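According to mature numbering (1 follows the signal peptide of the UniProt record, and there is no 0), the residues represented by the sequence shown are -23 to -1, 1 to 522, in order.
What follows is one structure encoded as structure tokens, with my remarks underneath.
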Amino acid sequence: MAKAAAVLVVFLSSLFAVRSSFAMSGSGAYSSVGPPSPSSGLLPCLQGTGVRVVTQASDAASFDTDRQVWNEKIQRNPAVIAYANVADQVQQVVRCGRQNNVQVSPRSGGHSYEGYSVEDGTVLLDISGLDSLQVLDADHAVIGAGIKLGPLYLGLYQNGNRAFPAGVCPGVGAGGHLAGGGVGMLGRQYGLASDQIVALDMVDASGNLITADASNNSDLLFASQGGGGGSLGIVTSFTIKTYPAPAVTTIYQVNWDLNDLEPVMTWWQKQAPSWPNELSSDFMAFSSNAQIAGNFAGSKADLMAILNSTGYQSLPSKQSEDFREMPYINAALYNAVQSQGLKPADDINSLGLGPGTSLSPRGYFKAKSQIVTAPVSAAGIRSIKDAFADQRGQGYWQAHAQGGAIGAVPNDATAYSHRDAIMIIQLMATWTDPSKQDSAQGWLNNLYTSTLPYVASDAAYLNYIDADQADWAQAYFGSNLPRLQQVKAKYDPDNYWDKPQGKPIAASIQPAAASHFDMAEFEPSHWLQSTRERELKVRPRSQLG
């Protein structure tokens, strides 16, 4: 905790003068007196690159819309917004920022839980235009860092019947999602999204384009596989492994009364980590019910055989159960509809996010995470149930089963440091009335603190970024932190890519500029639904990040 506080002091002291008028409100949301004017040399430099540039003065409506982050409680104001469509434009924008001592803050999807892809006083560089998809061969593709997961899934499926293990939300950008880990419905079968990166191109703090793979700059590749986005540079493209799409996928969702939480969760956490790798599973607790849901790369008959052989039929009576077979791409569409409200909901082409499609609106939320390495005790399960007796606002407790291909990777092979986890926990509070924020976050903090003693770990998941995470350096990176510090010192010795809680790997380096970061390209959704609808009818699986 002392280390994190010391790094935070260094960070705060580094903010340059244009940001001195900004403050943190008591509610935890950033507030400001308005966007600062770009420095005298910055705007001409950016305009000279040929990229589209927007300021509040030039286009107030576009500026106000495009500066928004997914978490509606957070309001920040960059000095200027620039839009890149190719790597060369990213290089030019970074050079302009560096020459004028202003941080460039990249955003591929803008779904960081804490909104870290947009920072006050910086150049917000929107790289969503880097959305290319090139199939190299039967097993590999090159993707732009700005491509969204929906178009990625659809494009791979339509070009070779391929699949990729990543999150379920179609609007999440690849840039931060892959860099932070990337938990998804094919994860136990093929690994994290970050495990699939075999090469990448990155623009460094001098504006140079660097390639990293197993033979060249392999330490940079290591750091970019779970170490977070933007701390070392701006990734413009990834070369990734792809896999054959399952011939058939079975989606499932089963609900019990919350009073049955203890026997159901006791069974689930014992069985799920050892189920076949083709079977993904989440366990969720709401105010009135408990739920198990996920995907199986196989038939309904085979799934039922697995469940029944591990005691499924002996569980308490279910409120409801739903098992459906469908093609893989339709399962991806189903997950997108459930997680992010994608419409139209009956056309796989909706995954492409083209004209005529829509996603759920932004919302107010706060999340925390826990890493579980041993089964939660009966007392721990009761602490979850007890917390929901005092729920304020909407919220849930969710566990993603780990193991399988995720746990088969050595802990020091990539920057992701939680290979021994049996589950990743996400704790979430949402609200629609801004005046209810303190109450909702108070409930979330109670849920977190009451359950923490039972999870056998102080670790946390980077893609569920939490500004309030204690000792976040150790929590996110564990034993891989020293190596990440070495990589940071090598590739960004002046700490140009300085940011809040992006990575405390520059503790011994003097900060050089303002803050940025696009850590968790992931978001909760369906905020405006009734609690009952979310619990029993729609499974909010946007949490997979």
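Glycine included, each C-beta is placed from N, C-alpha and C at the ideal position.
In this text the structure is predicted, and so the values were computed from the model without any measurement.
Q.
Taking the straight line between their C-alpha atoms, what separation do you get for ALA38 and PRO223?
A. Going from the Cα of ALA38 to the Cα of PRO223 covers about 44 angstroms.
Q. Who are residue 537's beta bridge partners in DSSP?
A. The requested residue 537 does not occur in the structure, where the chain is confined to residues -23 to 522.
(Q) Could you tell me the alpha carbon to alpha carbon distance between VAL349 and LYS413, rounded to whole angstroms? (A) 30 angstroms
**Q.** Where the beta strand (DSSP E) containing GLN248 begins and where it ends
**A.** Here GLN248 belongs to no beta strand (DSSP E); instead the alpha helix (DSSP H) covers 238 to 248.
Q) At a cut of 8 angstroms, does the region 229 to 248 reach the region 203 to 210 through at least three beta carbon pairs? A) no
Q) For ALA342, which of helix, strand or coil comes out of DSSP? A) Contrary to the premise, residue 342 reads as Phe rather than Ala in this sequence. Strand at PHE342.
Q) Going by beta carbon distance, what residues of the same chain come within less than 8 angstroms of LEU20, once the five residues before and after it are set aside? A) VAL30, THR32, VAL57
Q. What's the gap between the Cα of ASN48 and the Cα of ASN272?
A. 28 angstroms
Q) How many Å lie between CYS73 and ASP363 at the Cα? A) 54 angstroms
Q. Using 8 angstroms as the threshold, is the region 336 to 344 in touch with the region 413 to 427, meaning 3 or more CB pairs across them?
A. yes
Q. Are the beta-carbon atoms of THR216 and VAL119 separated by less than 9 angstroms?
A. yes
Q. Identify the residues that DSSP records as bridge partners of MET303: which are they?
A. THR226
**Q.** Limits of the unbroken alpha helix (DSSP H) element including PHE40
**A.** 37 to 43
Q) Out of HIS395, GLY288, PRO293, ALA182, which has the shortest C-alpha to C-alpha gap to ASN236? A) PRO293
**Q.** Rounded separation between ILE124 and TYR167 - CA only
**A.** So the alpha carbons of these two residues sit roughly 21 angstroms apart.
Q. What is the DSSP secondary structure of MET162, counted as helix, strand or coil?
A. coil
Q. According to the Cβ coordinates, are LEU163 and ASN136 closer than 9 angstroms?
A. no
Q. Leaving out five residues before and five after MET281 in sequence, what residues of the same chain have Cβ atoms less than 6 angstroms from its Cβ?
A. None.
Q.
Out of TYR425, TRP252, ILE174, which one is the CA nearest neighbour of SER360?
A. TYR425
**Q.** When THR334, PRO221, ALA200, ILE399 are compared against ALA351, the one with the closest alpha-carbon
**A.** ILE399
Q | Residue environment, THR42, which counts as buried when at least 16 other CB atoms sit within 10 Å | A | exposed
Q | Segment contact flag, the region 258 to 266 with the region 386 to 397, C-beta cutoff 8 angstroms, min 3 pairs | A | no
Q) Going by DSSP, what residues sit across from LEU102 in a beta bridge? A) ALA59, PRO83
Q) Per DSSP, LEU110 forms a beta bridge with which residues? A) ILE120
(Q) Can you give me the C-alpha to C-alpha distance between ALA450 and ALA466, rounded to a whole angstrom? (A) 16 angstroms
Q) Which value, in whole angstroms, describes the spacing of the CA atoms of ILE269 and ASN232? A) The straight-line gap from Cα to Cα measures roughly 7 angstroms.
Q: Could you tell me if GLN290 is buried or exposed, where buried requires 16 or more neighbouring beta carbons within 10 angstroms of its beta carbon?
A: exposed
**Q.** Limits of the beta strand (DSSP E) - the one that VAL30 falls within
**A.** 29 to 31
Q.
DSSP three-state label for GLN69, please.
A. helix
Q) Does DSSP put ASN423 in a helix, a strand or coil? A) helix
Q | At least three beta-carbon pairs within less than 8 angstroms, the region 143 to 158 to the region 85 to 96 | A | yes
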